[in-house]
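Counting from 1, position 66 in the sequence shown corresponds to residue 66 in full-length UniProt numbering; the numbering is continuous, with no gaps. Glycine residues also receive a C-beta, built at the ideal position from the N, C-alpha and C atoms.
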Amino acid sequence: MTYKPKRMKFGAFFAPFHKDIVNPTLAIERDMELIQWMDKLAYDEAWIGEHHSGAYECIASPEVFIATVAERTRNIRLATGVSSLSYHHPLVLADRICQLDHQVRGRLTFGVGPGQLVADAYMMGINPKDLRRRMNESLTALVKLLNGETVTMQTDWFTLNEARCQILPYQSPTVDMAVASAISPTGARTAGEHGLGMISVAASSPEGFKQLANHWDICEEKAAEHGKQVSRSNWRIVTPFHIAETEEQAYKDLEYGLMDMMRYFKKFGGSAFPEAKSFEEAIEIWTTGGLGAFGVGVVGTPETMVNHIKKLQEQSGGFETFLALAHNAADFDATKKSYELFAREVMPHFQHCNNNRPASLNWAAENADRFMEEYVGGINTAIAQHEQEMAEKQKKASNS
């Protein structure tokens with residue numbers, strides 16, 4: 001039976017992707033403004049990535065970004081999406097997360113992963129083959145540190161000697177955590193072993209979509225093996241999309257930046273990614289085969305997205321949170337409009353917030369004649385009372 005939450009949550013996953021000709025100051029500001037807009041539209045979460053190469057994904061510290069955008073928002077939950085554990089000493093990272101959790105008053109999710117970009121690892125002298133091992137070693141320490149434990153641990157890349165966090169997270173008993181999962185089962189295994197949430201970042205890619213149910217089974221199996229519990233209520237699924245009032249307008253909006261996005265993936269991914277020689281080819285590639293872990297783009301109207309999310313529910317067996325993969329293939333105004341349309345017409349379908357409204361309208365319509373009769377009767381009674389009062393006053397005045 002498919003798990004369907006009473007109120008599905010929604011958010012966005014910001015790598016982010018910005019053209020390399022755009023002013024980086026403005027690019028970062030636009031990301032913050034979009035999250036402020038999401039907060040006003042009642043989105044639940046915003047995830048911020050960590051990258052160090054490639055020019056397009058230009059946020060190096062999700063913690064620094066979150067600390068600022070938290071001051072500009074009221075309700076939206078902010079997440080590291082994700083912190084690359086292989087690049088950081090676990091005690092230093094744990095201390096930063098604890099401090100940040102206090103600064104945002106518990107509106108923090110600590111998303112973790114091994115580090116996605118091979119170029120990042122190369123610049124730091126890390127063998128890409130070691131990334132997942134290093135992530136698992138770091139996460140083992142981090143979970144204990146964030147739970148208030150004292151940790152002594154030795155690996156080939158970090159040492160912990162009676163290490164502890166001097167302040168614990170604002171959240172109790174610990175900070176909310178989730179592990180990134182793409183195509184391989186590594187993320188699902190790790191999430192299960194530690195009893196953490198999972199974020200499926202490649203859910204719309206052909207292979208990622210195919211693996212959704214299998215990854216959840218793996219997560220549950222590993223949790224059982226390690227005496228942990230996991231819940232679909234802590235599972236996030238990501239898809240890139242753009243919607244407009246009409247499908248034609250949605251495609252037209254993408255003329256702004258889709259070719260630049262394709263150029264980025266071709267340059268960064270090399271022969272692993274197809275080359276688009278025209279906008280039409282770019283649309284065909286993105287909306288059919290997709291761009292690897294970046295996924296297949298969904299382009300259309302709010303109805304298109306309702307149907308897509310239903311397919312994800314059916315394929316996965318159910319999840320709690322759907323995240324848009326922010327891409328900037330459309331300009332800022334069209335992007336804001338897409339997010340607004342989604343909030344206005346897609347989110348209510350899965351949050352059931354309008355369930356009573358048709359019944360209320362029908363009830364009012366069925367009783368309209370009776371209510372109008374009583375309404376008019378009330379008006380007539382008020383008029384009659386006023387006229388009677390005025391007549392009595394006039395009578396008294398005449399008698400005096």
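task = Just tell me which of GLU63, TYR122, LEU108 has its CA closest to the CA of LEU93.
result = Residue GLU63 is the option with its Cα nearest to LEU93.
key: Three-state secondary structure assigned by DSSP to VAL175   = If DSSP states are grouped into helix, strand and coil, VAL175 belongs with coil.
message = Just to confirm the assignment: which complete beta strand (DSSP E) runs, minimum length 3, are found wholly within the segment 219-244?
response = Every beta strand (DSSP E) stretch that sits fully inside the segment 219-244 and reaches 3 residues is listed by chain position as 235-239, 241-243.
inquiry  = Which residues does DSSP list as the beta-bridge partners of PHE47?
reply    = Per the sequence shown, the amino acid found at residue 47 is Trp instead of Phe. Paired residue(s): PHE13, ALA79.
request  = Specify whether the segment 182-189 and the segment 215-233 touch according to this definition: at least 3 beta carbon pairs, one from each stretch, less than 8 Å apart.
outcome  = Yes, since at least three Cβ pairs between the segment 182-189 and the segment 215-233 fall closer than 8 Å, the two stretches touch.
Three-way DSSP call (helix, strand, coil) for PHE158 in this model = If DSSP states are grouped into helix, strand and coil, PHE158 belongs with coil.
query = What residue range is occupied by the uninterrupted beta strand (DSSP E) comprising LEU323?
reply = Per DSSP, LEU323 belongs to the beta strand (DSSP E) from 321-325.
task = Pick helix, strand or coil for THR152, following the three-state DSSP scheme.
result = Note: THR152 maps to strand in three-state DSSP.
query = DSSP on SER184, reduced to helix/strand/coil?
reply = Three-state result, SER184: coil.
ask   = For the beta strand (DSSP E) that contains SER200, what are its first and last residues?
value = For SER200, the enclosing beta strand (DSSP E) stretches over residues 197-200.
request  = Note down, one range per segment and in chain order, each beta strand (DSSP E) of at least 3 residues found wholly within the segment 77-141.
outcome  = Here the runs fully enclosed are 77-84, 108-113.
message = Quick check: what's the CA-CA separation for ALA363 versus LEU85?
response = Just to set this straight, residue 363 is Trp in the shown sequence, not Ala. About 56 Å.
query = Over what stretch of residues does the beta strand (DSSP E) that includes VAL298 continue unbroken?
reply = Annotation: the continuous beta strand (DSSP E) that includes VAL298 extends over 298-300.
request  = Just tell me which of PHE209, LEU78, LYS228 has its CA closest to the CA of VAL143.
outcome  = Of PHE209, LEU78, LYS228, the residue nearest in Cα terms is LYS228.
task = Please check the pair ALA70 and ARG107, which I expect to be a contact at CB under 8 Å, by giving their CB distance rounded to whole angstroms.
result = Between ARG107 and ALA70 the Cβ distance is about 7 Å, and since that is below 8 Å, they are a contact.
Start-to-end residues for the alpha helix (DSSP H) that takes in SER398 = It spans 368-399 - the alpha helix (DSSP H) in which SER398 sits, taken as one unbroken run.
query = Considering TYR266, what are the terminal residues of the alpha helix (DSSP H) in which it resides?
reply = A quick correction: the sequence has Lys, not Tyr, at residue 266. Start and end: 258-269.
key: Any 3 or more C-beta pairs closer than 8 Å across the segment 245-265 and the segment 323-340   = Short answer: they touch.
query = From ALA202 to LEU291, what distance separates their C-alpha atoms?
reply = Rounded to whole angstroms, ALA202 to LEU291 spans 10 Å at the Cα level.
ask   = By how many angstroms is the C-alpha of GLU247 removed from the C-alpha of ARG134?
value = ARG134 and GLU247 have their alpha carbons spaced roughly 44 Å apart.
query = Do the segment 197-215 and the segment 231-242 meet, that is, are 3 or more Cβ pairs less than 8 Å apart?
reply = Taking 8 Å as the limit for Cβ pairs, the verdict is that the segment 231-242 does touch the segment 197-215.
message = Whole angstroms are fine: how far does the CA of LYS266 sit from the CA of ASP31?
response = Spanning the two alpha carbons is a distance of roughly 24 Å.
inquiry  = What residue range does the alpha helix (DSSP H) around GLN36 cover?
reply    = According to the DSSP assignment, GLN36 belongs to the alpha helix (DSSP H) that extends over 24-40.
key: Cβ-based burial, ASP156 [other Cβ within 10 Å; buried from 16]   = By the neighbour-count rule (16 or more Cβ atoms within 10 Å), ASP156 is not buried but exposed.
ask   = Are THR2 and GLY318 touching if we call contact CB-CB under 9 Å?
value = Yes, the Cβ-Cβ distance between THR2 and GLY318 is below 9 Å.
query = At what residues does the alpha helix (DSSP H) containing ALA70 begin and finish?
reply = From DSSP, the alpha helix (DSSP H) with ALA70 extends over 62-70.
task = Quick one: give me the first and last residue of the alpha helix (DSSP H) that residue 408 is part of.
result = An answer regarding residue 408 cannot be provided, because it is not within the stretch 1 to 400 covered by the chain.
task = Have a look at the DSSP bridge pairing and note the partners of ALA163.
result = VAL151.
request  = Flag this pair as touching only if the segment 301-314 and the segment 338-350 have three or more C-beta atom pairs under 8 Å; answer yes or no.
outcome  = Using a Cβ-Cβ distance cut-off of 8 Å, the segment 301-314 and the segment 338-350 are in contact, since at least three pairs of beta carbons, one from each stretch, lie closer than that value.
Burial state of GLU149 (16 or more Cβ within 10 Å) = By the Cβ-count criterion, GLU149 is exposed, with fewer than 16 other Cβ atoms from all chains shown falling within 10 Å of its own Cβ.
task = Give the single residue among GLN103, ALA191, HIS215 whose Cα lies nearest to the Cα of TYR170.
result = With distances taken between Cα atoms, TYR170 lies closest to GLN103.
task = Count the C-beta pairs between the segment 70-83 and the segment 26-46 that are closer than 8 Å, then say yes if the count reaches three, no if not.
result = Result yes; three or more Cβ-Cβ pairs closer than 8 Å.
request  = Can you grab the Cα-Cα spacing for the pair ALA223 / GLY195, in whole Å?
outcome  = Put simply, the backbone Cα of ALA223 is about 6 Å away from that of GLY195.
Local conformation of LEU168 per DSSP, three classes = Of the three classes helix, strand and coil, the one that applies to LEU168 here is coil, per DSSP.
query = What's the call for PHE273, buried or exposed, on a 16-neighbour Cβ count within 10 Å?
reply = PHE273 is classed as buried because its beta carbon has at least 16 other beta carbons within 10 Å across all chains shown.
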